Amino acid sequence: MKKDSFLEKLIFGYDKLEEWILCGSLVLTTLIITTQIIMRNIGQALIWSEELTRYIFVWQIWLGVSIAQKDKAHINVEIIKSFVKNKTVLAIISIIATLIWIIFNIFLVGAGFELVQQMITRGNVSSALRLPMYLVYVSLPISSAILTLRLLGKLKNDVLALAGKNNEEVE
47 MKKDSFLEKL IFGYDKLEEW ILCGSLVLTT LIITTQIIMR NIGQALIWSE
97 ELTRYIFVWQ IWLGVSIAQK DKAHINVEII KSFVKNKTVL AIISIIATLI
147 WIIFNIFLVG AGFELVQQMI TRGNVSSALR LPMYLVYVSL PISSAILTLR
197 LLGKLKNDVL ALAGKNNEEV E
């Protein structure tokens, strides 16, 4: 797909960055776990490896939500499509569902940042690595904000498709 506008190039670049971060974190997690297994077998277990891989995994999950939205890989309730055959009604239902999802994500951004503020105020740190816990919890509002941006793009496409100004299929 040809990327003409600055915004399309920016989105394409961010998509690639997100994929590289997730692939790199998967490789890093695999290396840490493999190292832990080897070290445990020679009698020198790493006390921090399980904690670090858990925190990387949390970030992977939350960032993966955004990629799943980009790739249209989220689970959908398809039963409505079996009862409703009218494309216009299906498009309206899709728009309403996306709006509900956006509202929920905005809530997650706000609540997530409030939680992060509490973690900063309390000074919570992890047990083995002594990492500030807000570094783990900040994954929630950041990824929810990113997903909200992707959903706004989907909402725009759905509204344009409903208006007949876009060739993309409404899902």
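Heads up: the sequence shown begins at 47 in our numbering, then just goes up one per residue. For each residue, glycine too, the CB sits at the ideal point set by N, CA and C. Since this is a predicted model, take the numbers as computed values, not measurements.
Mapping the DSSP letters down to three states, classify residue i as helix, strand or coil.
| i | result |
| --- | --- |
| residue 171 | strand |
| residue 216 | Legend: pLDDT at residue 216 = 43, less than 50; position of this residue unreliable, no value from coordinates given. |
| residue 47 | The predicted model places residue 47 with a pLDDT of 48, which falls under 50 and marks its position as unreliable; any figure quoted below should be read in that light. Correct three-state label for residue 47: coil. |
Rank the options by C-alpha distance to the C-alpha of residue i and give the top, closest one.
| i | options | result |
| --- | --- | --- |
| residue 122 | 131, 134 and 139 | 139 |
| residue 189 | 203, 164 and 152 | 152 |
| residue 163 | 183, 147 and 154 | 183 |
| residue 177 | 100, 66 and 80 | 100 |
| residue 208 | 87, 141 and 145 | 141 |
| residue 179 | 185, 201, 165 and 113 | 165 |
| residue 53 | 211, 199 and 206 | 199 |
| residue 102 | 161, 79 and 57 | 79 |
| residue 204 | 51, 144 and 95 | 144 |
Where do the ends of the alpha helix (DSSP H) carrying residue i lie?
| i | result |
| --- | --- |
| residue 85 | 52-87 |
| residue 204 | 185-208 |
| residue 108 | 95-116 |
| residue 127 | 125-129 |
Problem - At least three beta-carbon pairs within less than 8 Å, the region 70-78 to the region 92-108 - result: yes
Exercise for the section: Spell out a yes or no on whether the region 164-181 and the region 84-91 are touching, meaning 3 or more CB-CB pairs, one atom from each, closer than 8 Å. Expected result: no
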